[in-house]
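Chemist: Just so we're aligned, residue 4 is where the sequence shown starts under our numbering, counting upward by one.
Dropping a structure here in C-alpha cells format, bear with me for questions.
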Amino acid sequence: MYISEELKANCIAIDKKINECLYFIYMVAMKTNCSLLLVDLIVWFLLLGNVLSNDYTTFKKLVLPPSVTGPESAVFDRGGEGPYVAVADGRILKWQGPTTGFLDFAFTSPNRLCYFVSCFQPQLSLSVSTTKNICDGTNDLKLGPICGRPVALSFNYKTSDLYITDAFFGLLVVGFNGGLATQLSGGYKYLSGIDVESYTGNVYLTDASLTYGIRDMTKPGFKPDSTGRLLKYDPRTQRVTVLLTGLSGVGGPSVSSDRKYVLVPEYMNNQIQRHWLQGPKKDTNEVFLTDCGSPKNIKRAANDGEFWVAVEKLVQQSPVSSEPHGLRVNGSATVLQTVPLPQFLNMAHNVVQESNDALYVGSSHSDFVGVYTN
Ligand SMILES: *[C@@H]1O[C@H](CO)[C@@H](O)[C@H](O)[C@H]1NC(C)=O
C-alpha cells in the first residue's frame with residue numbers, strides 16, 4: 004500500500020482530526036488488503052505527527068524596520084503572501100521574506116503625500132521637508148492626524164481589496180497595488196476592529212467608543228466606557244448601520260465561516276458576544292463565552308467553524324498577574340486548545356492569526372510579529 008507524503012501532510016493538517024485520518028487509512032487498507040502491521044505503523048506515525056505538530060512552541064520574530072512598532076494586525080492575501088501589518092507610524096507594511104523584510108505597501112493619511120511644510124497645520128511648526136521623513140518610525144500619537152494610525156486589516160478575498168480601520172481616518176480601502184487608501188466612512192472617535200465577509204463583501208467594524216479616541220487611552224487613569232459599537236458597512240449601498248451598542252472595551256470581531264454570526268470580544272467585560280446575522284435568531288445577540296480571560300481580538304482559524312481568540316488570562320489572583328494566550332474555540336464555545344504566548348507578556352492588544360500551520364501574533368507594543376510553529 005502506498006500513502007503519499009501529500010496525503011500524510013493533509014491528514015495531519017486537516018486540523019489534526021485523527022479520527023478522519025484513521026478512518027481513511029482503514030478504508031485504504033481494506034481496499035488493498037495491506038498488512039495490519041503496516042497500518043499500525045502508519046497510524047502511529049500520524050498520531051506522533053499529530054501530537055508533535057500541535058503545540059506551537061517554536062518561536063521566531065519577523066522584525067519591523069528600525070524604530071517601527073505596533074503591528075496590531077497581521078493578515079495574508081488570497082495568494083498567501085504576507086503578513087501585511089498596520090503599524091504605529093501610519094503605514095501598512097508587507098513582509099517580503101527574510102532577506103528583504105518588511106516594505107511599504109499602503110498608507111491611510113492623504114497628508115503623507117505632502118512634500119512641503121505648507122501642507123501642515125502651522126501650529127505644528129514642522130521643519131522637515133517630507134511627511135514620510137516626519138512620519139516613518141514615529142509612534143507619537145500627536146502626529147496621528149498627519150501620519151495616520153491604521154489599526155486593523157482585513158482582505159476581501161474575492162476582490163483582493165484590503166479594508167482598513169484607522170484611529171484617525173475611519174474606514175478605508177486600498178487595492179492590491181497598495182498606495183494611498185480611499186476613505187469610505189469617517190467621523191468616528193476610534194474605529195478599532197474589522198472583519199470582511201468576502202461572500203457578500205459586507206464589512207464588520209467595531210467602534211471603540213463614542214466619547215474617547217486613541218490619544219485619550221494613554222492618559223493616566225483612563226478607563227474605557229461602555230459606548231462601543233458593532234457596525235456593518237455595506238459596499239453596495241455604502242451605508243454604515245449599527246448592529247450592537249453598549250460594548251465595553253470592544254476588540255476585533257470575526258464572522259463565522261458559515262456567515263451565520265459574528266463574534267465580538269469585550270475585554271473590559273471579559274466576555275465574547277455573538278450577534279446573529281442569519282437564521283431564526285437573526286438580529287439578536289447572546290453571550291457566547293465568559294470565562295476565557297480578557298479577549299482582545301478574534302480571527303477565523305484554518306478549520307471551518309473555529310476561531311483563534313487573543314486573550315489575557317488571569318494566572319494569579321494576588322498580586323494580580325495575567326498572561327497572553329491564544330485560544331482555539333469552536334462554534335459551541337468549546338475551548339479546543341490554549342497556546343501560551345510568553346513573548347508578548349505586558350504587551351496589551353494582541354492578535355492571533357493562523358496561516359500555514361503557524362500562528363502570527365502582533366501587538367500594539369512590539370517591534371516584531373511573532374510566529375509560533377511546531
Ligand atoms: C465543539 O467541540 C466540542 C468538543 O469537541 C464538540 O462536542 C462540539 O460538537 C463542537 N461544536 C461544534 C459546533 O463543532
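Ideal placement from N, C-alpha and C gives every residue a C-beta, glycine not left out.
Evaluate T209 with the Cβ neighbour count: other Cβ atoms within 10 Å of its Cβ, from every protein chain shown; 16 or more gives buried, anything less gives exposed.
Modeler: By the 10 Å Cβ count, T209 comes out buried.
Chemist: Entirely within the stretch 183–228 and at least 3 residues each: give me those beta strand (DSSP E) ranges in chain order.
Modeler: Here the runs fully enclosed are 185–188, 194–199, 206–210.
Chemist: What is the rounded straight-line gap between the Cα of A304 and the Cα of T162?
Modeler: Taking the straight line from one Cα to the other gives about 21 Å.
Chemist: Work out the CA separation of C117 and N273 for me, nearest whole Å.
Modeler: Their backbone Cα atoms lie some 43 Å apart in a straight line.
Chemist: Answer with buried or exposed for Y264, where buried requires no fewer than 16 other C-beta atoms within 10 angstroms of its C-beta.
Modeler: The residue in question, Y264, is buried, as its Cβ has 16 or more Cβ neighbours within 10 Å.
Chemist: Compare the Cα-Cα distances from C295 to each of T248, D286, T337, R277 and report the closest residue.
Modeler: Comparing Cα positions, the closest option is T337.
Chemist: Expressed to the nearest angstrom, what Euclidean distance is found between the alpha-carbon atoms of T60 and L344?
Modeler: Each residue's Cα considered, the two are about 9 Å apart.
Chemist: Residues in the same chain with beta-carbon distance under 6 Å from R302, minus the five sequence neighbours each way, listed in chain order, please.
Modeler: Note that residue 302 is Lys in the sequence shown, not Arg. Answer for K302: S257, W311, Q356, listed in chain order.
Chemist: Between T337 and ligand 1, is the CB less than 7 Å from at least one heavy atom?
Modeler: Yes.
Chemist: When DSSP labels each residue in this structure, what does F108 get in the three-state scheme?
Modeler: Note: F108 maps to strand in three-state DSSP.
Chemist: Kindly provide the ranges of any beta strand (DSSP E) runs that are 3 or more residues long and lie completely inside the stretch 62–90, ordered along the chain.
Modeler: Runs found: 87–89.
Chemist: Using three-state DSSP, classify F347 as helix, strand or coil.
Modeler: Helix.
Chemist: Going residue by residue through the stretch 138–175, where are the continuous beta strand (DSSP E) segments of at least 3 residues, counting only ones entirely within it?
Modeler: The stretch 138–175 contains these whole beta strand (DSSP E) runs: 153–159, 164–169.
Chemist: Is L250 closer than 8 Å to L234 when the C-beta atoms are compared?
Modeler: Not in contact: L234 and L250 (Cβ atoms no closer than 8 Å).
Chemist: Within this structure, are the beta carbons of P113 and L183 separated by less than 8 Å?
Modeler: Their beta carbons are under 8 Å apart, which means P113 touches L183 by this criterion.
Chemist: Do K97 and G85 come within 8 Å of each other at the CB atom, strictly closer than that value?
Modeler: Going by C-beta atoms, G85 is nearer than 8 Å to K97.
Chemist: Name the DSSP beta bridge partners of F371, please?
Modeler: Looking at the DSSP assignment, F371 forms a beta bridge with V66.
Chemist: Is L65 buried or exposed, if buried means 16 or more other CB atoms sit within 10 Å of its CB?
Modeler: Classification of L65: buried, given that the 10 Å Cβ count is 16 or more.
Chemist: Nearest-angstrom Cα distance between A89 and L67?
Modeler: Distance between the alpha carbons of A89 and L67 is about 11 Å.
Chemist: Can you give the Cα-Cα distance for F291 and N333, rounded to whole angstroms?
Modeler: If I take the Cα positions, the gap works out to 11 Å.
Chemist: What is the DSSP secondary structure of K285, counted as helix, strand or coil?
Modeler: Looking at K285 - three-state DSSP - the assignment turns out to be coil, as it is neither helix nor strand.
Chemist: Thinking C-alpha only, which one of G181, D307, P153 is nearest I217?
Modeler: Out of G181, D307, P153, P153 has the C-alpha closest to the C-alpha of I217.
Chemist: Under 8 Å, do Q76 and L165 count as touching if we go by C-beta distance?
Modeler: Residue identity check: residue 76 is Ser in the sequence provided, not Gln. Contact flag unset, no.
Chemist: Could you tell me whether the stretch 94–111 touches the stretch 183–198, using the rule of 3 or more Cβ pairs below 8 Å?
Modeler: The stretch 94–111 vs the stretch 183–198: in contact.
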